[in-house]
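In order, the protein sequences belong to chains P and G.
In case it helps, my numbering puts the first sequence at residues 350 to 472.
In case it helps, my numbering puts the second sequence at residues 198 to 361.
Each residue gets a CB set at the ideal place from its N, CA and C atoms; glycine is no exception.
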Amino acid sequence: MSLVARALEAEGIPTVVLGSGRDIVEYCGVPRFLFTDFPLGNPCGPPYERQAQAEIAAQALDLFETASAPRTTVQAPQLWPEGEGWRHVYNFIGPENRDALRAEGEARRQRQDQERQSVAKAS
Amino acid sequence: MDQDNDAAPVGYMERTRRYYRALGYSNDYKWSRYDDVPFAPLKRPLAESKVTIVTTTSPPGGPRDGNRKLKEVWSGPTTDTPSDLHTEFMAWDKETTHTRDRETYLPILALQALVAEGRIGGLTDRFHGVPTTYSQGQTLEQDAPDIVRRCQEDNADIALLVPM
Numbered sequence: 350m351s352l353v354a355r356a357l358e359a360e361g362i363p364t365v366v367l368g369s370g371r372d373i374v375e376y377c378g379v380p381r382f383l384f385t386d387f388p389l390g391n392p393c394g395p396p397y398e399r400q401a402q403a404e405i406a407a408q409a410l411d412l413f414e415t416a417s418a419p420r421t422t423v424q425a426p427q428l429w430p431e432g433e434g435w436r437h438v439y440n441f442i443g444p445e446n447r448d449a450l451r452a453e454g455e456a457r458r459q460r461q462d463q464e465r466q467s468v469a470k471a472s
Numbered sequence: 198m199d200q201d202n203d204a205a206p207v208g209y210m211e212r213t214r215r216y217y218r219a220l221g222y223s224n225d226y227k228w229s230r231y232d233d234v235p236f237a238p239l240k241r242p243l244a245e246s247k248v249t250i251v252t253t254t255s256p257p258g259g260p261r262d263g264n265r266k267l268k269e270v271w272s273g274p275t276t277d278t279p280s281d282l283h284t285e286f287m288a289w290d291k292e293t294t295h296t297r298d299r300e301t302y303l304p305i306l307a308l309q310a311l312v313a314e315g316r317i318g319g320l321t322d323r324f325h326g327v328p329t330t331y332s333q334g335q336t337l338e339q340d341a342p343d344i345v346r347r348c349q350e351d352n353a354d355i356a357l358l359v360p361m
């Protein structure tokens with residue numbers, strides 16, 4: 350999406366990225382970024398929290414007026430309503446799931462090989 | 198497991214690298230990085246600007262429903278918008294949360310309210326989708342120009358980009 354932001358800006362269309370993956374967006378570099386510090390999947394606010402969602406959308410639009418230079422990041426003040434435990438969940442790796450992950454990777458590679466073979470046959 | 202329970206933003210790049218290594222992949226994904234970042238000024242005041250939304254989700258319906266276009270640029274209406282865009286194959290925190298509330302990733306109601314308040318001039322009739330692919334070449338050469346063209350067709354003045 351950061352690449353899309355760059356393409357739109359180059360054609361004169363200002364953009365704001367509204368997202369929760371701060372390091373990825375900032376690594377690429379975008380003009381304006383509203384960072385919402387939530388688990389991936391709900392960048393515009395927690396489910397059914399209409400007030401928080403409205404505030405976040407308004408903050409995103411504010412950035413069109415307040416940002417004066419590229420790589421402007423603003424962090425939305427809203428917090429995830431169920432606490433901070435989510436930070437460890439996504440792509441968790443531990444002793445208890447290492448073997449399962451390795452097996453999942455093997456299964457995934459087999460699937461990908463089969464897909465490649467069926468595409469090669471079809472073409 | 199890192200036990201620090203402070204409020205530092207999650208380092209998704211490092212976590213993703215470690216996760217794919219644990220899956221047995223040997224080549225780390227390389228994210229795009231640029232030194233120069235373009236910056237277009239507003240053409241007109243926000244209260245007169247028409248906004249569009251760009252999402253990384255796919256149209257409703259998964260592969261089992263015969264949807265073969267999950268990875269192609271697409272557009273959908275901002276009125277009578279389907280409530281269930283396709284998010285299941287994407288990488289997000291499925292253990293912590295869910296995507297049953299479309300407003301959590303496609304803020305149509307929130308932007309319509311801001312139009313009604315006069316904060317923005319309008320919302321385009323369509324939003325646009327650019328499903329995430331691992332091919333930066335496809336994004337740069339096909340998908341991004343396609344999104345630009347669609348935004349221009351809709352006379353969008355500004356764009357809110359919402360990656361999942």
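Beta-carbon to beta-carbon, A425(P) and L383(P) are separated by about 6 Å, close enough to satisfy the 8 Å threshold. Contact with chain G is found for R399(P), since one of that chain's Cβ atoms lies less than 9 Å from the residue's Cβ.
Neighbourhood of P328(G) in chain P, by CB distance below 8 Å: empty, with the nearest CB roughly 10 Å away. For D225(G), no CB of chain P lies under 9 Å from its own CB, so it is not counted at the interface with that chain. Within the DSSP secondary-structure output, S272(G) pairs in a beta bridge with H325(G). Contacts between L311(G) and chain P, judged by CB atoms closer than 9 Å, involve A403, A406, A407 and L410 in chain order.
Contact residues of the segment 411–435 of chain P toward chain G are F413, E414, A418, P419, R420, E433 and W435 (C-beta to C-beta distance below 7 Å). Residue pairing by DSSP places Q424(P) opposite F384(P) in a beta bridge. Rounded to whole angstroms, the separation of the alpha carbons of Q349(G) and K247(G) is 11 Å. Apart from sequence neighbours up to five positions away, the residues of its chain that approach G318(G) with a beta-carbon distance below 7 Å are A244, E245, S246 and K247, ordered along the chain.
Closest by C-alpha distance to D277(G), out of D233(G), E269(G), R323(G) and P242(G), is R323(G). Here the segment 225–242 of chain G lies against the segment 350–365 of chain P, with 3 or more beta-carbon pairs under 8 Å apart.
Contact fails between the segment 218–230 of chain G and the segment 278–287 of chain G, because fewer than three Cβ pairs, one in each stretch, are under 8 Å apart. Around the beta carbon of G334(G), fewer than 16 other beta carbons lie within 10 angstroms, which makes this residue exposed. The alpha-carbon of V366(P) is positioned some 16 Å away from that of Y231(G).
Scanning A452(P), R458(P), R355(P) and P395(P) for the CA closest to the CA of Y302(G) turns up P395(P). Within 10 angstroms of the beta-carbon of V468(P) lie fewer than 16 other beta-carbons, which makes it exposed. Among the residues of the segment 359–386 of chain P, those with a Cβ less than 7 Å away from any Cβ of chain G are A359, E360, G361, I362, P363, T364, V365, V366, L367, G368, G370, R371, D372, I373, Y376, C377, G378, V379, P380 and D386, in the order of the chain. Residues of chain P with a Cβ closer than 9 Å to the Cβ of E269(G) do not exist, since the nearest Cβ in that chain sits about 14 Å away. Secondary-structure assignment with DSSP links L320(G) through a beta bridge to V248(G). The beta carbon of S351(P) falls within 9 Å of a beta carbon belonging to chain G, placing the residue at that interface. In the structure shown, A356(G) falls within a strand segment according to DSSP collapsed to helix, strand and coil.
For the segment 443–472 of chain P, the residues whose beta carbon sits under 8 Å from a beta carbon of chain G are, in order, G443, R447, L450, R451, E453, G454, E455, R457 and R458.
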